[in-house]
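**Student:** Every position in the sequence shown, counted from 1, becomes a number in the numbering used here once 1 is added. Ideal Cβ placement from N, Cα and C applies to all residues, glycine included.
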Amino acid sequence: MTVVRQTAAETAAATGRRRASFHPLTVDEVRRLTDDAIEVKFGVPAGLSGQFDYLPGQYVALRTTLPDEQGEPHEIRRSYSICAEPRSFADGSSEIRVAIKKDLGGLFSTWANAELKSGDVLDVMSPMGAFVSKHGRDGKEQNLMNSMNHPEDLAGEPGSFVAIAAGSGITPVIAIARTLLAAHPDTRFDLVYANKAAMDVMFLEELADLKDKYPSRLALHHVLSREQRIAPLLSGRIDAGKLQALLGTAIQADQVDEWFLCGPFELVQLCRDTLAARGVKPEHIRFELFTSGKPDRPEGNIGRPVVPDESKETYKITFKLDGLQGEVASPTHARESILNAALRVRPDVPFACAGGVCGTCRAKVVAGAVTMDENYALEQDELDKGYVLTCQSHPTTPEVSVDFDV
Numbered sequence: 002m003t004v005v006r007q008t009a010a011e012t013a014a015a016t017g018r019r020r021a022s023f024h025p026l027t028v029d030e031v032r033r034l035t036d037d038a039i040e041v042k043f044g045v046p047a048g049l050s051g052q053f054d055y056l057p058g059q060y061v062a063l064r065t066t067l068p069d070e071q072g073e074p075h076e077i078r079r080s081y082s083i084c085a086e087p088r089s090f091a092d093g094s095s096e097i098r099v100a101i102k103k104d105l106g107g108l109f110s111t112w113a114n115a116e117l118k119s120g121d122v123l124d125v126m127s128p129m130g131a132f133v134s135k136h137g138r139d140g141k142e143q144n145l146m147n148s149m150n151h152p153e154d155l156a157g158e159p160g161s162f163v164a165i166a167a168g169s170g171i172t173p174v175i176a177i178a179r180t181l182l183a184a185h186p187d188t189r190f191d192l193v194y195a196n197k198a199a200m201d202v203m204f205l206e207e208l209a210d211l212k213d214k215y216p217s218r219l220a221l222h223h224v225l226s227r228e229q230r231i232a233p234l235l236s237g238r239i240d241a242g243k244l245q246a247l248l249g250t251a252i253q254a255d256q257v258d259e260w261f262l263c264g265p266f267e268l269v270q271l272c273r274d275t276l277a278a279r280g281v282k283p284e285h286i287r288f289e290l291f292t293s294g295k296p297d298r299p300e301g302n303i304g305r306p307v308v309p310d311e312s313k314e315t316y317k318i319t320f321k322l323d324g325l326q327g328e329v330a331s332p333t334h335a336r337e338s339i340l341n342a343a344l345r346v347r348p349d350v351p352f353a354c355a356g357g358v359c360g361t362c363r364a365k366v367v368a369g370a371v372t373m374d375e376n377y378a379l380e381q382d383e384l385d386k387g388y389v390l391t392c393q394s395h396p397t398t399p400e401v402s403v404d405f406d407v
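1) With distances taken from CA atoms, which of G160, A178 and D406 is nearest E207?
2) Would M129 and Y60 be called neighbours here (beta carbons separated by less than 8 Å)?
3) Across which residues does DSSP place Y81 in a beta bridge pair?
4) How long is the line joining the alpha carbons of R345 and V329, rounded to whole angstroms?
5) In angstroms, rounded to a whole number, what distance separates the CA positions of I77 and R64?
6) Would you say the stretch 331–347 touches the stretch 377–394, given that touching needs at least three Cβ pairs under 8 Å?
7) Let me know the secondary structure DSSP gives T391 once reduced to three states.
8) List the endpoints of the continuous beta strand (DSSP E) containing A32.
9) Compare the C-alpha of Q229 against each of L34, V281, A198 and P74 and name the closest.
10) For the stretch 151–187, which segments carrying the alpha helix (DSSP H) assignment without a break, of at least 4 residues, lie completely within its bounds, in sequence order?
11) Considering only DSSP beta bridges, list what D404 is partnered with.
12) First and last residue of the alpha helix (DSSP H) that includes S217?
13) Assuming F190 contacts R218 (C-beta within less than 8 Å), just tell me the rounded distance between them.
14) Within a Cβ cutoff of 8 Å, which residues of the same chain sit near D424, ignoring the five residues on either side of it in sequence?
15) Threshold first: 4 residues or longer. Then list the alpha helix (DSSP H) segments lying entirely within the stretch 188–214, N to C.
16) Could you have a look at P348 and say whether DSSP puts it in helix, strand or coil?
17) With a cut-off of 8 Å, do at least 3 Cβ pairs link the stretch 157–168 to the stretch 314–333?
18) Starting from the C-beta of L379, find all residues in its chain whose C-beta is less than 8 Å away, skip the five residues before and the five after it, and write them out in chain order.
19) Cβ atoms of V403 and I366: under 8 Å apart, would you say?
20) Under a three-way DSSP split, which group does L225 fall into?
21) Helix, strand or coil for C272 per DSSP?
22) Can you tell me the Cβ-Cβ gap for P159 and D187, rounded? I've got them flagged as a contact below 8 Å.
23) Along the beta strand (DSSP E) that carries D124, what are the first and last residues, could you check?
24) Any chance you could list the alpha helix (DSSP H) runs of at least 4 consecutive residues sitting entirely within the stretch 224–255, in chain order?
25) Would you say the stretch 109–126 touches the stretch 270–284, given that touching needs at least three Cβ pairs under 8 Å?
26) Starting from the C-beta of T398, find all residues in its chain whose C-beta is less than 7 Å away, skip the five residues before and the five after it, and write them out in chain order.
27) Let's test the definition: count the other Cβ atoms within 10 Å of the Cβ of P68 and tell me whether it reaches 16, buried, or not, exposed.
28) DSSP three-state call for G140: helix, strand or coil?
29) Roughly how many angstroms separate the alpha carbons of T16 and D406, rounded to a whole number?
30) Rounding to the nearest angstrom, what Cα-Cα distance links P173 and V202 in this structure?
31) Could you tell me how far apart the beta carbons of E375 and G357 are, in whole angstroms, since I believe they sit closer than 8 Å?
32) For the alpha helix (DSSP H) that S110 lies in, which residues bound it at each end?
33) E259 lies in the beta strand (DSSP E); which residues open and close that run?
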């Protein structure tokens, strides 16, 4: 077999995925969006630009070390969606922009909103995620990756798109909307954006500018739960009744080619159930959930401490990562995740949220069997092929083997 060396961008283009890896990037700018949200711009040098090619809607994981409740240094990782369409510069460099909204009790988001500044350096993981448009592409994201710097090629064909977002769920959606609207003059985009009050609306000016640029093709529906608006339909929380009304009046659901849902679990699940009841096929719905913000397993990048006892039964877990084989014993009584076990012998095993949401820790089961607690990242075709989220997977057979490289 002939082995051809590919760049990171070429590999991503060929497979639709790439090896998740961290690189130190410098913060070029921190911009205040609301009282509790910021936009952070990272400069990407030309030598790393291939590692940070991305599709609108994807995310990056950020990593740093902060003191825990006892004041001890503690590695912390959080995933944030990229909020700008892809762009590169004449010198080969590029940029990554993310929005960070302060969560109640969120260690990283609170620190970032209060302390992060231009000149700081954070570890940033290569962009990942499947919350991207597949309209007219038959799910083949490699075509999109190849043409990431050519917006006219990104949409494939004109279409009607609808996004329903809440709070910081606007972050990936605004990048998707900008790209799709610029890609074809006949594309239409409807955005239902839920917030508590007008002062909480992230990217308010950017959305207004986008509306001015595409007045007949972009429809904005701001829904405020704690402020009274002129239209009753746009006041209060989005519940089942309000969603049905929106789909029956403001949005012609039967004419939509692709849906994007991004927000808390309850809203996303309500939208998915409602659309399913209206006959919308699952393959036309893209969704992304907020993470809990408090992943407690694995701990740092070394895994939750587990000490195998030779006198007790263990699972034998083997895994392939970057072409290298790893092996670790996991006590049956510990109900340890495959990710946690692997981290104890390979600290570079990829993960970000550890909550079953982002999909960074995806691997394929090649021998044995597992049970998976939660899954908000993998689609049915991936499950059918044997892929699992290792952060949520536990062995159910004496020996299990997974492959992170496929």
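**Tutor:** Let me spell this out:
1) Within the sequence shown, numbered from 1, the residue matching residue 207 stands at position 206. Ranking G160, A178 and D406 by Cα distance to E207 puts A178 first.
2) Position 128 of the sequence shown, counting from 1, holds the residue named residue 129. Position 59 of the sequence shown, counting from 1, holds the residue named residue 60. Yes, these two residues count as a Cβ contact at 8 Å.
3) For the purposes of this step, residue 81 is taken as residue 80 along the sequence shown, with counting starting at 1. Bridge partners of Y81: V61.
4) Indexing the sequence shown from 1 puts residue 345 at position 344. Indexing the sequence shown from 1 puts residue 329 at position 328. Approximately 8 Å between the Cα atoms of the pair.
5) Position 76 of the sequence shown, counting from 1, holds the residue named residue 77. Position 63 of the sequence shown, counting from 1, holds the residue named residue 64. One C-alpha to the other measures close to 6 Å.
6) yes
7) The residue given as residue 391 occupies position 390 in the sequence shown. Reduced to three states, the DSSP call for T391 is coil.
8) The residue labelled residue 32 in the question sits at position 31 within the sequence shown. Correcting the residue identity first, residue 32 is Arg in this sequence and not Ala. That run of the beta strand (DSSP E) goes F23 to T35.
9) In the sequence shown, counting from the first residue as 1, residue 229 sits at position 228. The candidate whose alpha carbon is nearest that of Q229 is A198.
10) 152–155 and 171–184
11) The sequence position of residue 404 within the sequence shown is 403, counting from 1. Its beta-bridge partners are K321 and K365.
12) What you label residue 217 is simply residue 216 of the sequence shown in a count that begins at 1. Taken as a continuous stretch (DSSP letters only), S217 belongs to no alpha helix (DSSP H), as it is neither H nor E.
13) Here residue 190 corresponds to residue number 189 of the sequence shown, with the count starting at 1. Here residue 218 corresponds to residue number 217 of the sequence shown, with the count starting at 1. Yes, F190 and R218 are in contact; Cβ-Cβ is about 7 Å, under 8 Å.
14) This structure gives no information on residue 424, because the portion of the chain shown stretches from 2 to 407.
15) 205–214
16) Counting from 1 along the sequence shown, the entry for residue 348 is found at position 347. Looking at P348 - three-state DSSP - the assignment turns out to be coil, as it is neither helix nor strand.
17) no
18) Taking the sequence shown and counting its residues from 1, the one referred to as residue 379 is at position 378. Excluding residues up to 5 positions away in sequence, G360, R363, Y388, V389 and L390 lie with their Cβ nearer than 8 Å to the Cβ of L379 in the same chain.
19) As a working mapping, residue 366 is identified with position 365 in the sequence shown. As a working mapping, residue 403 is identified with position 402 in the sequence shown. Reading off the sequence, residue 366 comes out as Val, not Ile. Yes, the pair counts as a contact, with Cβ atoms nearer than the cut-off.
20) Along the sequence shown, read from residue 1 onward, the residue named residue 225 stands at position 224. Residue state, collapsed to three classes: strand.
21) Taking the first residue of the sequence shown as position 1, residue 272 is located at position 271. Of the three classes helix, strand and coil, the one that applies to C272 here is helix, per DSSP.
22) As a first step, residue 159 is located in the sequence shown; it is residue number 158 there, counting from the start. As a first step, residue 187 is located in the sequence shown; it is residue number 186 there, counting from the start. Going by Cβ atoms, the distance from P159 to D187 rounds to 4 Å, so yes, they are a contact pair.
23) Mapped onto the sequence shown, residue 124 falls at position 123. Note, D124: beta strand (DSSP E), V122 to M126.
24) 241–249
25) no
26) Locating residue 398 in the sequence shown gives position 397, where the first residue counts as 1. Excluding residues within five positions, the ones whose Cβ falls inside 7 Å are G369 and A370.
27) Translated into the one-based positions of the sequence shown, residue 68 becomes position 67. Exposed is the call here.
28) On the sequence shown, residue 140 is found 139 positions in, with the first residue counted as 1. For G140, the pLDDT reaches just 43, beneath the cut-off of 50, and the residue's location in the model is therefore unreliable, although a value from the coordinates is still provided. In this structure, G140 counts as coil in the three-state DSSP scheme.
29) Here the question's residue 16 lines up with position 15 in the sequence shown. Here the question's residue 406 lines up with position 405 in the sequence shown. Unreliable positioning characterises T16 in this predicted model, as indicated by a pLDDT of 38, which lies under 50. A coordinate reading is not provided.
30) Position 172 of the sequence shown, counted from the start, is the residue given in the question as residue 173. Position 201 of the sequence shown, counted from the start, is the residue given in the question as residue 202. A direct Cα-Cα distance of roughly 14 Å separates P173 from V202.
31) As a first step, residue 375 is located in the sequence shown; it is residue number 374 there, counting from the start. As a first step, residue 357 is located in the sequence shown; it is residue number 356 there, counting from the start. Going by Cβ atoms, the distance from E375 to G357 rounds to 4 Å, so yes, they are a contact pair.
32) Residue numbering aside, residue 110 sits at position 109 when the sequence shown is read from its first letter. Taken as a continuous stretch (DSSP letters only), the alpha helix (DSSP H) holding S110 covers L108 to E116.
33) Counted from its first residue, the sequence shown places residue 259 at position 258. First-last of the beta strand (DSSP E) with E259: E259 to G264.
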